[in-house]
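Residue numbers (my numbering), protein chains in the order written: chain V, 6 to 171; chain Y, 4 to 980. Positions of the beta carbon are idealized from the N, C-alpha and C atoms, including for glycine. Please read these numbers as outputs of a predicted model, since none were measured by experiment. What follows is a short report on a single structure.
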Amino acid sequence: MRNEGQLRDDTVPGAIAGAESTSEDYVTMGIGGQTFGIPVLNVRDVLGPQNITRVPLAPEEIAGSLNLRGRIVTAVNMRKRLGLPSENFVATAMAVVVEHEDEPFSLLVDEVGEVLSLQSARREAVPATLDARWRDVTQGIYRLDDRLLIVLGVADVLRTIRTDSI
Amino acid sequence: MDDLLKEFLAETQESLDVLDSELVELEQQPGDPALVGSIFRIMHTIKGTCGFLGLPRLESVAHAAEDVLGRVRDGQLEISQGVVSLVLAALDRIKELVAALETGGSEPAGSDAELIGSLRRLAEGESAAGPAAKPAVEKAGSLFDRAGGVSGIDTACEMACNAFLAQSEQRAALEPDMLKLQLALAAALAVALQQKPGINIADVLICLRDNGWTERDIDVLGSEIGKAFSELGLDSEDVAALLAHLKYEEADPAPAPVAQPAEEEKPARQPAPPVAAAEKHDAGAGQAQTLRVNINVLEDLMTMVSELVLTRNQLLQILRGYGDSPFLAPLQRLNQVTTELQESVMMTRMQPIGNAWSKLPRLVRDLGQELDKKIDLVMTGADTELDRQILESIRDPLTHMVRNSADHGIETSAERVAAGKTPHGTIHLSARHEGGHIVVLVSDDGRGLPMARIREKVLTNGLATEAQLDAMSEQQIQQFIFRPGFSTAAAVTSVSGRGVGMDVVRNNIEKIGGIIEFQSTEGAGSRFVIKIPLTLAIVSALIVECEGERFAMPQNSVVELVRISRTSAKGLENINGRPVYRLRDRLLPLASLSEILDLPKSDKVPGEDGESADSTYVVVSQVGALIFGIIVDKVFDTEEIVVKPVSRIMRHIPCFSGTTILGDGRVIMILDPNGLASAVSASPHVEAVGKAAAGGRIAGGREAMSMLVFRAGDGGPQAVPLSLVARLEEADLTKAEVTGGRTVLQYRNGLMPLLDINGNPAARAGKHPILVFVDGPRMLGLVVDSVVDIIDAPLDLQLAGSARPGILGSAIIAGAATDIVDTVHYLRQGDEDWFNVETEKPFGAEDQRNVLLVEDSAFFRNLLMPMLTLAGYRVVVAEHGEAAVELCKEKNSFDIIVSDIEMPGLSGFDLVRMLRADESMGEMPIIALSSHANARDIERGLDAGFTDYVTKLDPKALLAALSRVASTGFAHKELAA
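Laid out in structure tokens, this is it:
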């Protein structure tokens, strides 16, 4: 294990990571009590609860479609995607809009938190013991002061839905 | 790739297309000087531009071709098929090079020496043979026309300017402006020759002087222009007249506004030449001002307009909520402007359908040569416009159909003459507007579809049986050509018959919401009718609601709407659990949208939200020839919707063709009529009804079964499952004997009782076919009048409950109502104890066992139920596994369950696992009933928890198994005999 104390000092919320050019900013979000992060440059928009139209026969992780200023955005129920209970979740969820292969998607999550600047060098590998559903979408893990942050691979989230459904 | 090259490529593509069709035209009208002139000029332009851009290969090929064309123009070379073929070959080479240039950015390496050699030989050889006296060309048309119109003048100015540059000392200084000058000059000359108001040629000359040109320079330029025109075939008289325009203006140097206007005109003029050339050499008069625009810009524009339309719709929706608003007037203005803008933008996407046809004349010509046929291609309505997206999707199908017509349809001249036709075959291609659609016709006067070959092919491919074909109309049989892998071409020619068939054509057309129909008369020709929508981007759609969810249904597939009251439900009927609706004279297969889309039942109580709740609606839709009804809860307005693609992640769902945003901002899915149609016809029943409607749609239903169809007694045809019949015999019944009141026949060392169709001992007279049923030592012969056929058909008993004993019910087999014979009835008649042998009264009559029979096939239900009842069981029937589970939960009073394996939904294996999981039923004997019974199947069945496993078509084995299970107590695992 590397120097843990040092790592914690670096991860000040919102801090610009000094002279290190290898830091990256993450938008944090909570799904079922776990903190996830997406590189801030991938995030197009953050929306409150939306009016979502269910799409019949769609894969179960797809909550439906929503209208974002005239664009049709496909909403992904992240709780379902991670195998967490999701009763009455969609109506209250926050939506993080990302772009993938020129198509907008919105990830439905419990809450959206602050932006953290994290040292890329501190990113740790995905533990092999993680549940497959989670491992598929995890790109790495950061240890914060009080919790762990999972770096969510947006492309992985969407790609695995596609292969499931076909 | 630099812009100049791109521009050249785009322009050359167009020129080449024009050349293609004009050359073919020239071959047919060899004497048309205007045509020759036009072709020569286009080739010349290509040559010139290639030289300018430094493309030596292209230049030399074009040059050689131009030489040949020059001879033709000068009357030194007769137009013949050989000449045209060679020039077309040169054209093909140019196309190849251009294509390579487009992909690679530079000319590919290689030699064109051979081609150029033959072109040269043609040009020189013929001219050496003696310059034919140049026919005195009538001076037709105005000076402007003789000068070659706008494109001719352009070419001349270009040549003149190049020549001028070549001899000028200030070449470097002049060069940058030369193109401007050339264009301004050409434009001014054109205006002067047509005596139209416009750019004054004097202005151009004055401007030159202002820029420091000397009189001498202008003189040189003038004489170069003269030279250029005479080189282009203008006689000296005309050249002088032309130059007079220059001189005259020069002599009258009226101080006039500077040449600025000329320069401003330039950008609009620039792209004109190729277009003008395409417009039949006299485009000058009504020349359209065109502009080349990147297609992406247009697409973006379209997207923006779509957004605007949506926003407008939303605003109007909001406005409806306010009675009197200050926004009313401006919004109405916005509404109007948006509509106009939408129309204009749609116009930019419109292209004449002729663009998709441009390659066809060449194609037909080459085919005619290769196959030694004389074919005329007549095209009408080429200027009919449609959306470019649709144009792209019909280009290939149209080409394919024309190719088919030329290859298979039109006969050789000899054949045609022998058949009393003109030696020239004709292919007609036409397009016209009809409502919101475009109707395209492709017809030929060739040999038509050989019906005998189609039938033969259908039979060898197993698409239908002989009897099914007999029941079909000629047109229905013809529709088989749209089936995959169907080609009537006896040999694979280099042209068609490569297995890419009409099914692909039909798919492509149906994909864009179009329909295709085919008619053919043997010996007289065939005819395709294609109906396609004008545009795909914005469509009119009917908004429907089902279980509280809304969907858009494209209006062009909706035939009509029917409202059905829930209380009376008049006309709504069920056949075998599937709803149908009696619409006027036809039976309409129905499917509920909520079932197709698997919508969750909404909690809304019917009646809660107003009047519509006590009625339901049927949206009658048509896809191809299949007409079906979709049941929905509510129907709203039609709305103009902007079609947006479905997210990639959900594109595999066949029921949706797109997404859209409604006026109120909500997102809804657009239903795909093709997807719905396949969902509707997926159910076996609709397939059967659809067969009658669609003509030639043969049901590939699950329960297709070989039926032996025969006639006996009066009445219609009768049938029995072939698998129950052991043999077919024909016997002379006078040889039959009578024992114990029965008619018997000595047959294979035994006595076979013979029955007639009424179950009585057969009369001993005449020769008759006999259906032989065999079971171990027992035999029975059923005497019939004639055996008609053996037909594979899905079995759907329509009228259960029979008019007389021995009939299970009726079914439609090969289009005729057919009685299905109850074999068991006859077997019992023939041998009283046929089924009782091993039952041996295992239980008393007061001790009847309750049997639950789970079977989805109506046929087997009807076959087995009377048999089991006769054997002394009390039978309850479940039509599927889910119903069986319900029944077991409801009244757990069954002693034995007999279940089919293959069923839709819950299979037999699933069922037995579910029941075994339930403690109260853990010990219940369950017998599997299946059409497969090899050792592995049996093992699998027993593993799954079945008590026993018997084959469906062995009623005796089932009875034996039941008896065994019932008498020896339960859970007795033993294989069936």
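Spatial distance of residue i from residue j (CA atoms)
i, j, result
"S121 of chain Y", "R368 of chain Y", "21 Å"
"T314 of chain Y", "Q392 of chain Y", "24 Å"
"A126 of chain V", "E119 of chain V", "21 Å"
"R49 of chain V", "R553 of chain Y", "29 Å"
"Q471 of chain Y", "L462 of chain Y", "10 Å"
"P256 of chain Y", "R212 of chain Y", "Because the pLDDT at P256 of chain Y is just 41, under 50, the model does not fix this residue reliably, and the value given afterwards should be weighed accordingly. Going by the C-alpha atoms only, they are around 11 Å apart."
"E437 of chain Y", "T143 of chain V", "57 Å"
"D792 of chain Y", "L736 of chain Y", "23 Å"
"L711 of chain Y", "G744 of chain Y", "29 Å"
"I67 of chain V", "A467 of chain Y", "43 Å"
"L91 of chain Y", "G51 of chain Y", "19 Å"
"K283 of chain Y", "L629 of chain Y", "For K283 of chain Y, the pLDDT reaches just 41, beneath the cut-off of 50, and the residue's location in the model is therefore unreliable, although a value from the coordinates is still provided. Going from the Cα of K283 of chain Y to the Cα of L629 of chain Y covers about 45 Å."
"G412 of chain Y", "D473 of chain Y", "25 Å"
"V953 of chain Y", "F485 of chain Y", "42 Å"
"N464 of chain Y", "D506 of chain Y", "15 Å"
Exposure label - residue i; buried when at least 16 CB within 10 Å
i, result
"M653 of chain Y", "buried"
"A729 of chain Y", "exposed"
"R751 of chain Y", "exposed"
"G38 of chain V", "exposed"
"Y147 of chain V", "buried"
"Y325 of chain Y", "exposed"
"F55 of chain Y", "exposed"
"K9 of chain Y", "exposed"
"I298 of chain Y", "exposed"
"F483 of chain Y", "buried"
"D23 of chain Y", "buried"
"H655 of chain Y", "exposed"
"L208 of chain Y", "buried"
"F330 of chain Y", "exposed"
"K679 of chain Y", "Here the sequence assigns Leu to residue 679 of chain Y, which means Lys is not the residue at that position. Buried, by the Cβ-count rule."
"A160 of chain V", "exposed"
"N316 of chain Y", "buried"
Sub-9 Å separation of residue i and residue j beta-carbons
i, j, result
"N819 of chain Y", "P676 of chain Y", "Here the sequence assigns Ala to residue 819 of chain Y, which means Asn is not the residue at that position. Contact flag unset, no."
"T165 of chain V", "D141 of chain V", "yes"
"D447 of chain Y", "S408 of chain Y", "yes"
"T662 of chain Y", "S70 of chain V", "yes"
"L890 of chain Y", "V879 of chain Y", "yes"
"A765 of chain Y", "G753 of chain Y", "no"
"L163 of chain V", "A100 of chain V", "no"
"L564 of chain Y", "V622 of chain Y", "yes"
"R767 of chain Y", "T742 of chain Y", "no"
"D410 of chain Y", "L370 of chain Y", "yes"
Among the options, nearest to residue i - alpha-carbon criterion
i, options, result
"A80 of chain V", "Y:E598, Y:A964, Y:A814 and Y:R651", "Y:R651"
"S361 of chain Y", "Y:E25, Y:H771, Y:A963 and Y:L914", "Y:E25"
"A130 of chain V", "V:L157, V:K85 and V:V101", "V:L157"
"S896 of chain Y", "Y:G516, Y:L965, Y:R919 and Y:M924", "Y:M924"
"Q55 of chain V", "V:R128, V:L121, V:L153 and V:V102", "V:V102"
"S902 of chain Y", "Y:A67, Y:L12, Y:Q317 and Y:L961", "Y:L961"
"V635 of chain Y", "Y:Q522, Y:I644, Y:S618 and Y:D238", "Y:S618"
"G716 of chain Y", "Y:D759, Y:L811 and Y:S681", "Y:D759"
Against chain C: residues of the stretch 444-476 of chain Y by CB proximity under 9 Å: The structure shown contains no chain C; its protein chains are V and Y.
Relative to chain V, which residues along the stretch 633-661 of chain Y have a C-beta separation below 8 Å, given in chain order? K647, S650, R651, I652, M653, H655, I656, C658 and F659
Closer than 8 Å, Cβ to any Cβ of chain V: which residues of the stretch 293-322 of chain Y, in chain order? E310, L313 and T314
Which residues of the stretch 46-62 of chain V have a Cβ closer than 9 Å to any Cβ of chain Y? Give them in chain order. Listed in sequence order: N56, I57, T58, R59, V60, P61 and L62.
Return the residues of the stretch 63-90 of chain V that lie within a Cβ-Cβ distance of less than 8 Å from chain Y, sorted by chain order. Taken in chain order, the members of the stretch 63-90 of chain V whose beta-carbon sits within less than 8 Å of a beta-carbon on chain Y are A63, P64, I67, G69, S70, L71, N72, G75, I77 and T79.
Contact list for the stretch 668-679 of chain Y against chain V, Cβ threshold 9 Å: G668, R669, V670, I671 and M672
In chain order, what residues of the stretch 132-164 of chain V put their CB closer than 7 Å to some CB of chain Y? L163
Of all the residues that make up the stretch 116-127 of chain V, which are near chain Y by a beta-carbon distance shorter than 9 Å? Residues: none.
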